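Asker: Quick one: the structure is below, and I'll ask about it shortly.
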Amino acid sequence: MRLIKTLLVGAALGLSALPALAKQDIVWWDFLSGGDGVRMKALIDAFNKEHPDIQIKGTTLEWGVPFYTKVRTASAVGEGPDIMTYHLSRAPLGLEEKVLSEITEKDLEDAGLKAGDFFSAPVDAATQNGKLYAVPFDIHALVLYYNADLLKGSPYLDAEGKLTGIKTIEDFEKALAWAKDNGVQTPITYQSGGEGGVWRVFYTLLSQQGGELVTEKEVLAGDNAEKAAKAIETMSRWRENGWAPEQAEYEASVALFSAGKSAFQLNGVWEVPTYKDLEKNGKLGFKWSAVEVPPLMGKRATWADSHAFAIPNEGDKTVSGEKRAAVMKVIGWMEKHAISWADAGHIPAYKSITESSEYKAMQPNATYASLAEAAVFDPKTTITGVASPAYDAALNVIAPAIQGFMSSTDAVEQIKDELQGKLK
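Residues -22 to -1, 1 to 402 in mature numbering (1 follows the signal peptide of the UniProt record, and there is no 0) are what the sequence shown lists, from first letter to last.
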């Protein structure tokens, strides 16, 4: 008995001598504000509560150029975060600036993920030369919102009050004309005076014609110039006919729809929670929904981008070892709990979430989720993506053309001149 006790004590002492796994503090940077910020903070809090051994220390920075500038400068001196949110449309520029660390097969294994778990479009957007540089979290895209009350009595609602009969640009413009003739102030609203809204609508209309902004390092090559001009002419026609607002800033474009003054709105999925909250609080005053943008110009295609998770490339200081495994565990957990992120209107990139019964019960999210198959990301170039030269061209060239300050063909030539010189 004494021998057994001695062995047990010795074993216990041996175990106590083993080094304990260190608690991992994960430095997290994101650019998420408003409803997105609230939802992400809730996810971070939930993760931290479940994982006392891994604690996320989150910081939210200003969206757009300030965020990406901070990432670049901090990573260059080895003071970047362990994990960050990233727009996949910015990935080519991020690789040009050498700020993204490759996500390896081992990394995905540590996260409990595989590339095949995700929709293909965002994975492709995150891949360069066969290597993955970010893990997609969502697909956020342009959708067509509609006010069912304003469309009552039209041929554009079915017996259940759902949008119908709009398959071509001719169908859509007949619907806009019907709305105008029946007293709707602004039949179609979008951010016509800002780079984001103008770019998303323009790029959708271009892509629906099978058009490409960049082909083999040439901007609007061949008949793509004609397709771009046609997209601009379409947007200009909406303004000329009094269907679309004059130079509406983002907040004003949203207010037109939420106030019941527009039958349709072209905007991102991120406004879904806005209308849900207004409806829930009895402040909306009409029935609404949202659908994938119809193939107005011929084919299914919708501007899209993705929020993704990335690890900064900091040379010798790039996160590695146990901490990197912990970072990947964070990413895997976030992906598998993305149903709460879907509540923000975004389509989870992790397919098992969108295929779940819980997601399919979410409306109108489940209705427009089909656009994941028609999502068209910005070209993989350093001139496109959030806060890029392409966005500048949308504001400084396309928007003025829509307002009638230059012809569509002149606008296309100016776009080509401005962007070609910046294309690397």
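Even glycine gets a Cβ: it sits at the ideal position worked out from N, Cα and C. It should be emphasised that the depicted structure is a prediction, and the values quoted were computed from it without experimental measurement.
(1) Is the Cβ-Cβ distance between G72 and A377 less than 8 Å?
(2) Since E270 is in the beta strand (DSSP E), which residue starts that stretch and which ends it?
(3) Buried or exposed for A(-6), going by 16 or more other Cβ atoms inside 10 Å?
(4) Using the Cα positions of E227 and L234, report the straight-line distance between them to the nearest angstrom.
(5) Under a three-way DSSP split, which group does A339 fall into?
(6) Determine the direct distance from the alpha carbon of Y123 to that of T63, and round the result to whole angstroms.
(7) Can you tell me whether F264 sits near the ligand GTP, meaning its C-beta is under 7 Å from at least one heavy atom of the ligand?
(8) On a CA-only basis, which of K402, V197, S240 is nearest L129? Give me that one, please.
(9) Are the Cβ atoms of S231 and Q169 separated by less than 8 Å?
(10) Please list the terminal residues of the continuous alpha helix (DSSP H) segment that includes D60.
(11) Measuring only the C-alpha atoms, how far is Q243 from T167?
(12) Please work out which residues of its chain come closer than 7 Å, Cβ to Cβ, to F97, disregarding the five sequence neighbours upstream and downstream, and give them in chain order.
(13) So, at 8 Å on beta carbons, what are the nonlocal neighbours of Q187 in its own chain, with the 5 sequence-adjacent residues on each side left out?
(14) What first and last residue would you give for the alpha helix (DSSP H) that runs through W41?
(15) From the DSSP output, in three-state form, read off V176 for me.
(16) According to DSSP, A119 sits in a beta bridge with which residue or residues?
(17) Rounded to whole angstroms, what is the Cα-Cα separation between T345 and S386?
(18) Please classify K258 as buried or exposed, where buried requires at least 16 other C-beta atoms within 10 Å of its C-beta.
(19) Exposed or buried, S298, counting other C-beta atoms within 10 Å across all chains shown (16 or more means buried)?
(20) Decide if E28 is buried, meaning its Cβ has at least 16 other Cβ atoms within 10 Å, or exposed.
(21) Below 7 Å CB to CB, which residues in the same chain sit around A288 once its five sequence neighbours on both sides are set aside?
(22) Just how far apart, CA to CA, sit L191 and V43?
(23) Where does Y228 fall in DSSP's three states?
(24) Quick check on the burial criterion: 16 or more other C-beta atoms within 10 angstroms. Buried or exposed for A89?
(25) Taking contact to mean 3 or more Cβ pairs, one atom from each stretch, closer than 8 Å, check whether the region 355 to 374 and the region 335 to 345 are in contact.
Answerer: Quick answer:
(1) As a position in the sequence shown, residue 72 is number 94, starting the count at 1. As a position in the sequence shown, residue 377 is number 399, starting the count at 1. Against a cut-off of 8 Å, the Cβ pair of A377 and G72 comes out as no contact.
(2) Within the sequence shown, the letter at position 292 stands for residue 270. E270 -> beta strand (DSSP E) spans 266 to 270.
(3) Along the sequence shown, one-based indexing puts residue -6 at 17. The pLDDT assigned to A(-6) is 42, lower than 50, so where the model puts this residue is not dependable; a value taken from the coordinates is nonetheless given after this. With fewer than 16 other Cβ atoms within 10 Å, it is exposed.
(4) On the sequence shown, residue 227 is found 249 positions in, with the first residue counted as 1. On the sequence shown, residue 234 is found 256 positions in, with the first residue counted as 1. So the two alpha carbons sit approximately 11 Å from each other.
(5) Sequence index remark: in the sequence shown, residue 339 carries index 361 (1-based). Correct three-state label for A339: coil.
(6) Start at 1 with the first residue of the sequence shown, and residue 63 comes out as number 85. Start at 1 with the first residue of the sequence shown, and residue 123 comes out as number 145. So the two alpha carbons sit approximately 27 Å from each other.
(7) In terms of ligand content, the structure shown is empty, and the ligand GTP therefore cannot be addressed.
(8) What you label residue 129 is simply residue 151 of the sequence shown in a count that begins at 1. Looking at the Cα atoms, S240 is the closest of the given residues.
(9) As a working note, residue 231 is residue 253 in the sequence shown. As a working note, residue 169 is residue 191 in the sequence shown. Closer than 8 Å, so yes.
(10) Here residue 60 corresponds to residue number 82 of the sequence shown, with the count starting at 1. Membership of D60 in any alpha helix (DSSP H) is not indicated, and neither H nor E is assigned to it by DSSP.
(11) Translated into positions along the sequence shown, residue 243 becomes position 265. Translated into positions along the sequence shown, residue 167 becomes position 189. Straight-line Cα distance between these residues: approximately 5 Å.
(12) Position 119 of the sequence shown, counted from the start, is the residue given in the question as residue 97. Annotation for F97: I117, A327, K329, A350 place their beta carbon closer than 7 Å to its own, counting only its chain and skipping 5 residues before and after.
(13) By one-based count along the sequence shown, residue 187 stands at place 209. Counting only Cβ-Cβ distances below 8 Å, and skipping sequence neighbours, we find K205, K208, A209, M275, G276, K277.
(14) As a working mapping, residue 41 is identified with position 63 in the sequence shown. Membership of W41 in any alpha helix (DSSP H) is not indicated, and neither H nor E is assigned to it by DSSP.
(15) To locate residue 176, count along the sequence shown from 1; it is residue 198. DSSP places V176 in helix when its eight states are reduced to three.
(16) Residue numbering aside, residue 119 sits at position 141 when the sequence shown is read from its first letter. DSSP, once it has assigned bridges, lists A282 as partnering A119.
(17) Along the sequence shown, read from residue 1 onward, the residue named residue 345 stands at position 367. Along the sequence shown, read from residue 1 onward, the residue named residue 386 stands at position 408. Within the model, the alpha-carbon separation for T345 versus S386 is close to 34 Å.
(18) Along the sequence shown, one-based indexing puts residue 258 at 280. Looking at its Cβ environment, which holds fewer than 16 other Cβ atoms inside 10 Å, K258 is exposed.
(19) Here residue 298 refers to the residue found at position 320 when the sequence shown is read from its first residue. The residue is exposed, with fewer than 16 neighbouring Cβ atoms inside 10 Å.
(20) The residue labelled residue 28 in the question sits at position 50 within the sequence shown. Exposed, because fewer than 16 other Cβ atoms sit within 10 Å of the Cβ of E28.
(21) Here residue 288 corresponds to residue number 310 of the sequence shown, with the count starting at 1. Correct list, in chain order: M62, Y64, L78, Y111, A112.
(22) Locating residue 191 in the sequence shown gives position 213, where the first residue counts as 1. Locating residue 43 in the sequence shown gives position 65, where the first residue counts as 1. L191 and V43: Cα-Cα distance of roughly 22 Å.
(23) Position 250 of the sequence shown, counted from the start, is the residue given in the question as residue 228. Y228: helix per DSSP, three-state reduction.
(24) On the sequence shown, residue 89 is found 111 positions in, with the first residue counted as 1. Classification of A89: buried, given that the 10 Å Cβ count is 16 or more.
(25) No contact exists between the region 355 to 374 and the region 335 to 345.
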